[in-house]
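Take a look at the structure set out below.
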Amino acid sequence: MTGELIRFTSKKELLAKAERFWNPGKTRFWTQSGVPLVIGRREGYVIHDVGGKRLIDMHLNGGTYNLGHRNPEIVAAVTQAMAYFDIGNHHFPSAARTALAEALIATAPDGIAKVMYGSGGGEAIDIALKSARHATRRRRVVSVAKAYHGHTGLAVAAGDERFARLFLADRPDEFTQVPFNDIDAMEEALAPGDVAAVIMETIPATYGFPLPAPGYLRAVKDLCERQGSLYIADEVQTGLMRTGELWGISKHGVAPDLLVTGKGISGGLYPIAAVLATERAAAWMEADGFAHMSTFGGAEVGCIAALRCLEITTRPAVRTMSHHIAAFFTQGLDRIQAKYPDWFTGVRKDGLVMGLEFAHPEGAKFVMRRLYSRGVWAIFSTLDPHVLQYKPGLLLDPALCAEILEITEAAIGEAREDAAAERGVSSRVVDAVIPADTGDIPLGDLPSFPADPAARSLLTEQLAAWAAVGEPPYPHPSNAR
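Heads up: the sequence shown is residues 2 to 482, going by this note's numbering.
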């Protein structure tokens, strides 16, 4: 070992070692899919492959980068925190943990009274499910078919069977899944009166963002109340202003017993997640406060990052801007859909939660590859690959939005031709579509990503830019740059 922490001479070497030492399945999948991405420099909503390829990020790692990569205000907060804090000690009260808990409760739906911390969304889901089991003295959990709640023990059991079976999830008889938007199936599942909790993503992300029918989530909550079960709102991907409101569940008139947040809560700069709970759901904390412990859950540096992230996200300017961006993309996507109605068949949308539907069982994979080749990164929905997950950031400016839509229009047209010829799944066509960038490409300066210590908000400038665009309907994107 030398004093240098990262030593790779080429992208080819890096990919080979990733397959050997890290995750062979993932590494091979993406390279064979025509997306040999190794992220190097990243700022705002633009990422660069280590080989130099520029990409606009419309995946955001599931919403982790709602406020952009390395948001300067959050970077500054973490940098300052590192001069005073570390992760802390999970046994004792903490100024950072308590301040974040108070701030989260102030933003939460009615009835939320306590906050519990984890280091990631899956762990937080486990905490929520354990809390519900303690509060109700029941074990059974009801979730939605094709759900995704993470990969930890209880979380993976509540999700799609693809992952639950692979890891031999414990006690599968205690986990019931029902179709999304089927209130009769939900009522039947709850009828025996033995369900501890219903856990639901407000809009199931990995299933392609199917939208809840009007009144559906409220009806599920009513069933839970009648049967004595708790309602867990998984807001890991739909919270933090992605729907145009801080918590997506609030738009449905539902006050959950437990609400889980993660991913974007720290701006992608420190791992942290949180469970917001009512007094009843958090009763175990009075019975035995040591019943759940997490060394890194609620790490103090992470709490500082989350406090700044929450403060930025709740600014009125950010909410206003998210509505501008949603309207801009709505008009642009409607125009593109009108151009390719036989191929681009629909848009599932709630605020900045968007799923693009295509007329092929794996249509989103074709579009993903063409987007990547042109400089936009968006991912297909794992559990429904005819839908592309399309996730604009909260702080995008008009010029970047226009560029994204122009690339999207071209990529959708090209993918339509690929799918019509059933060519897009072959490596030969991937090679033709995606320039080869897995070879002996010299790497850039990997470890150097300096941040401006005097980080400042750009919201005033960005809002002025959106005001110049005007109220919807907006002009054609190519004329708005």
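Just so you know, even glycine gets a beta-carbon here, dropped at the ideal spot from N, CA and C.
Asked: Would the beta-carbon of Pro399 fall within 8 Å of that of Trp467?; Found: yes
Asked: Kindly identify the DSSP beta-bridge partner or partners of Leu311.; Found: Paired residue(s): none; Leu311 is not in a bridge.
Asked: With contact counted as at least three CB pairs below 8 Å, one residue from each stretch, are the region 138-154 and the region 286-295 in contact?; Found: no
Asked: Which whole-angstrom value is the C-beta distance of Leu357 and Ile408, which I expect to be below 8 Å?; Found: With 8 Å as the limit, Leu357 and Ile408 do not qualify as a contact, their Cβ atoms being about 13 Å apart.
Asked: Restricting to runs no shorter than 3 residues, where is the beta strand (DSSP E) found entirely within the region 378-423?; Found: 388-391
Asked: Using only the alpha-carbon positions, how far apart do Thr177 and Pro211 sit?; Found: 20 Å
Asked: For the ligand SAH, I want to know if Gly64 counts as a neighbour, meaning its beta carbon is within less than 7 Å of at least one of the ligand's heavy atoms.; Found: Of ligands this structure carries none, so the ligand SAH is not represented either.
Asked: Among Met83, Ala469 and Pro94, which one has its Cα closest to the Cα of Met322?; Found: Ala469
Asked: Enumerated in chain order, which unbroken segments of the alpha helix (DSSP H) with a length of 4 residues or greater are wholly contained in the region 262-291?; Found: 285-288
Asked: So for Val354, helix, strand or coil by DSSP?; Found: strand
Asked: If contact is defined by three or more beta carbon pairs under 8 Å, each pair taking one atom from either stretch, is the region 344-363 in contact with the region 210-230?; Found: yes
Asked: On the DSSP bridge list, what partners appear for Phe345?; Found: Phe359
Asked: May I ask you to report which of helix, strand or coil DSSP gives Ala365?; Found: helix
Asked: So the alpha helix (DSSP H) Thr485 belongs to, where does it begin and stop?; Found: Shown here, the chain extends from 2 to 482; a query on residue 485 therefore has no answer.
Asked: Kindly indicate the opening and closing residues of the beta strand (DSSP E) around Arg141.; Found: Arg141 to Val145
Asked: State the Cα-Cα distance for the pair Ile326 and Val79, rounded to the nearest angstrom.; Found: 28 Å
Asked: Buried or exposed: which applies to Asn24, given that a residue is buried once 16 or more other Cβ atoms fall within 10 Å of its Cβ?; Found: exposed
Asked: Applying the 10 Å Cβ sphere with the 16-neighbour rule, what's the burial state of Leu6?; Found: exposed
Asked: Looking only at its own chain, which residues have a Cβ that is under 6 Å from the Cβ of Ala416, when we skip the five neighbours before and after it?; Found: Phe367, Val368 and Arg371
Asked: Can you tell me the Cα-Cα spacing of Leu130 and Glu175, whole angstroms?; Found: 12 Å
Asked: With distances taken from CA atoms, which of Arg138, Val196, Arg98 and Ala214 is nearest Thr203?; Found: Ala214
Asked: In three-state terms, what does DSSP make of Phe30?; Found: helix
Asked: If you draw a straight line from the alpha carbon of Leu460 to that of Leu247, how long is it in whole angstroms?; Found: 18 Å
Asked: Could you check where the beta strand (DSSP E) with Thr177 kicks off and where it finishes?; Found: Phe176 to Val179
Asked: Just to confirm my understanding: we take Ala192, look at its own chain, exclude 5 residues before and 5 after, and list those with CB closer than 6 Å. What are they?; Found: none
Asked: Between which two residues does the beta strand (DSSP E) holding Leu56 run?; Found: Arg55 to Asp58
Asked: For His135, collect the residues of the same chain with a Cβ closer than 7 Å to its Cβ; drop the 5 residues on either side in sequence, then sort them by chain order.; Found: Ala284 and Trp285
Asked: In whole angstroms, give me the CA-to-CA distance for Phe330 and Gln338.; Found: 12 Å
Asked: Considering only their Cβ atoms, is the gap separating Gly263 from Gly89 smaller than 8 Å?; Found: no
Asked: Run the CB neighbour count on Pro257, radius 10 Å, all protein chains shown included, and call it buried at 16 or more, exposed below.; Found: buried
Asked: Which of the three DSSP states is assigned to Tyr373 in this structure?; Found: helix
Asked: Might you give, ordered along the chain, the residues of its own chain that have their beta carbon closer than 7 Å to the beta carbon of Gly45, omitting 5 neighbours on each side?; Found: Gly69 and His70
Asked: Could you please give the first and the last residue of the uninterrupted alpha helix (DSSP H) stretch that includes Leu464?; Found: Leu460 to Val470
Asked: Which residues bound the alpha helix (DSSP H) around Asp127?; Found: Gly122 to Thr137
Asked: CA-CA distance, Asp111 and Ser295?; Found: 27 Å
Asked: Return the residue from the list Met187, Ala278, Leu15 and Ile75 that minimises the CA-CA distance to Gln228.; Found: Met187
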